[in-house]
Amino acid sequence: MRNKFKCLVLLITFAVLPQKASAISYNDTHNNLSSLTNFNAIIQSGAVMNNPADANNFNIIIIGMVVIILILVGAAMFASKK
Amino acid sequence: MEKKEKVGIPALYISICVVLLYFIWPYFISAILSMLSITGDTSLYLRLIANFLLMFLIILIYSNSLKNDLKNLKNNFGKLYLKGGKIFIIGIILYTIVSSLIVELVPNGLNESVDNLLHIYDKSPFLLLLSTVIYYPIVEELVFKRTFKEFIKNKWLFILITAIINGSFEIMLSYTSVINLINIIPAIVFYGILSYIYYDTDNIVVSISYRMFYNLIPCIGALLNVALILF
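So the sequences go chain by chain: A and B.
In this text, residue positions in the first sequence follow this note's numbering: the first is 1, and each later residue adds one.
In this text, residue positions in the second sequence follow this note's numbering: the first is 83, and each later residue adds one.
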């Protein structure tokens with residue numbers, strides 16, 4: 001069973017790697033932002049970048065903050081009742 | 083008879099304060115910098131210092147819990163990292179599949195959050211390294227996961243809510259085209275993996291470490307790339 005699982009993991013890895021490589025090369029040729037952008041496809045989930053100068057971001061932040069606080073309060077109330 | 087543990091109001095206040103502090107801090111720093119008319123590279127360095135100050139404040143708020151986690155990690159180092167490692171490897175394979183599918187199906191749907199990050203630190207790869215390897219993993223894991231842990235006891239609900247919140251913020255704060263919102267899917271998968279690691283190991287330091295490790299690899303690549311161009 002364990003060997004089967006290992007084989008499956010290896011199979012998936014080798015099936016995925018060429019796709020990932022093509023994704024990287026796609027970004028290489030289509031982005032000309034900077035030398036660092038070559039790694040654009042790899043660092044897919046690095047950080048929550050908030051630009052305070054963007055007015056649209058401010059609206060998202062306000063809505064997001066309210067949603068998070070509501071979830072926290074709701075979850076706390078539910079957890080206390082339990 | 084065993085007493086049922088109640089969620090304390092102070093814990094809720096602390097969580098709300100951390101969330102407010104995290105979101106309001108950049109605006110507070112921006113206001114100070116614009117009042118002092120500081121722009122350019124100086125502003126970049128000062129923002130980074132301010133970010134690290136925020137990180138230390140959040141660490142200070144959760145200092146007791148972090149101390150316990152570190153103590154627990156010291157006693158069960160191998161066990162916890164092995165447990166987290168298994169989830170991390172399977173999760174990263176899943177994330178790569180989802181991410182590759184998105185790139186193949188929607189080639190124009192770029193993750194602009196990464197572009198923004200690289201743009202900001204284009205001239206200073208070392209600052210990129212400091213931010214992506216130290217600041218973002220610690221602060222985001224504490225803000226988006228630690229704040230919810232005491233209140234959401236259900237495993238899958240915790241993973242789902244924290245991953246959706248973190249992933250949505252990452253993409254929604256940087257998108258310029260609706261098509262780029264598609265990147266919310268791989269982002270949710272990625273943050274879901276880290277939430278799973280945190281829930282299963284019950285140790286935030288483990289999920290922070292795995293996120294640091296993930297961000298470190300491309301950062302080293304980026305630094306090597308710059309070095310190759312310079313020399």
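The beta carbon of each residue, even a glycine, is placed where N, CA and C say it ideally should be.
Cutoff 7 Å; reference residue i; Cβ partners in own chain excluding five residues on either side
i	result
B/TYR144	LEU224, ARG228
B/ILE247	PHE226
B/TYR163	VAL288
B/THR283	LEU162, LYS165, GLY166
B/ILE91	none
B/ALA245	ILE270, TYR273, GLY274, SER277
B/LEU176	VAL271
B/SER97	THR229
B/SER250	ILE266
B/ARG129	ILE111
B/VAL180	ILE267, PRO268, VAL271
A/LEU11	Note that A/LEU11 scores 47 on pLDDT, short of 50, meaning its location in the model is unreliable; the coordinates nonetheless yield the value given after this. Excluding residues within five positions, none has a Cβ falling inside 7 Å.
Inter-residue Cα distance where the pair is residue i and residue j
i	j	result
B/ILE111	A/ALA55	16 Å
B/LYS149	B/PHE138	14 Å
B/LYS156	B/ILE290	15 Å
B/LEU298	B/GLU232	29 Å
B/THR121	B/LEU115	8 Å
B/LEU103	B/LYS237	27 Å
A/VAL67	B/GLU252	15 Å
B/ILE270	B/TYR127	30 Å
A/GLY74	B/ALA309	50 Å
B/PHE134	B/TYR217	7 Å
B/LEU209	B/VAL221	16 Å
B/ILE234	A/ALA76	8 Å
A/ILE42	B/PRO300	Because A/ILE42 sits at a pLDDT of 44, beneath the cut-off of 50, its placement in the model cannot be relied upon, and the point is left open.
B/ALA315	B/PHE159	Given that chain B is displayed from residue 83 to residue 313, the structure contains no residue 315 of chain B and the question cannot be resolved.
B/GLU186	B/SER259	18 Å
A/MET65	B/ALA93	17 Å
B/LYS168	B/SER182	21 Å
A/LEU36	B/LEU306	Confidence in A/LEU36 is poor, its pLDDT being 47 and thus under 50, which makes the residue's placement unreliable; the coordinate value appears in the next sentence. A/LEU36 and B/LEU306: Cα-Cα distance of roughly 10 Å.
B/THR124	B/TYR296	29 Å
B/ASN154	B/ILE174	25 Å
A/ASN31	B/THR178	Residue confidence is low: A/ASN31 scores 42 on pLDDT, short of 50, so the model does not pin down where it sits. Its coordinate-derived value is still stated next. Distance between the alpha carbons of A/ASN31 and B/THR178: 20 Å.
Cutoff 6 Å; reference residue i; Cβ partners in own chain excluding five residues on either side
i	result
A/ALA79	none
A/LEU33	Bear in mind that the predicted position of A/LEU33 carries a pLDDT of just 41, short of 50, making it too unreliable to give a figure here.
B/ILE172	none
B/SER213	none
Distance between beta carbons of residue j and residue i, contact taken as under 8 Å
i	j	result
B/ILE275	B/VAL288	With 8 Å as the limit, B/ILE275 and B/VAL288 do not qualify as a contact, their Cβ atoms being about 12 Å apart.
A/VAL48	B/LEU211	Going by Cβ atoms, the distance from A/VAL48 to B/LEU211 rounds to 18 Å, so no, they are not a contact pair.
A/ILE69	B/ILE243	So it is not a contact: roughly 13 Å between Cβ atoms.
Residue i vs residue j beta-carbon contact at 7 Å
i	j	result
B/MET294	B/PRO219	yes
B/PHE170	B/TYR95	no
B/VAL215	B/ILE264	no
B/ILE131	B/VAL100	no
B/PHE240	B/TYR281	yes
A/PRO52	B/TYR109	yes
A/ILE63	B/PHE105	no
B/ASP151	B/ILE302	no
B/TRP107	B/LEU142	no
A/ASN50	A/ASN57	yes
Residues of its chain near residue i, where Cβ-Cβ distance is below 8 Å and the 5 sequence neighbours each way are ignored
i	result
B/ILE184	GLY191, ILE264, ASN265, ILE267, PRO268
B/ASN146	none
A/THR29	The pLDDT assigned to A/THR29 is 37, lower than 50, so where the model puts this residue is not dependable; a value taken from the coordinates is nonetheless given after this. Within the same chain, A/THR29 has no close Cβ partners at all.
Report the residues of the segment 234–257 of chain B with a CB closer than 8 Å to any CB of chain A, ordered along the chain. ILE234, LYS235, ILE243, ILE247, ASN248, GLY249, SER250, PHE251, GLU252, MET254, LEU255, SER256
Which residues, in order along the segment 67–81 of chain A, keep a beta-carbon less than 9 Å from a beta-carbon of chain B? VAL67, ILE68, ILE69, ILE71, LEU72, VAL73, GLY74, ALA75, ALA76, MET77, PHE78, ALA79, SER80
Taking only beta carbons into account, state which residues of the segment 105–118 of chain B come closer than 7 Å to chain A, listed in chain order. PHE105, PRO108, TYR109, SER112
Near-chain A residues of the segment 90–101 of chain B (beta-carbon distance less than 7 Å), N- to C-terminal order: LEU94, SER97, ILE98, VAL101
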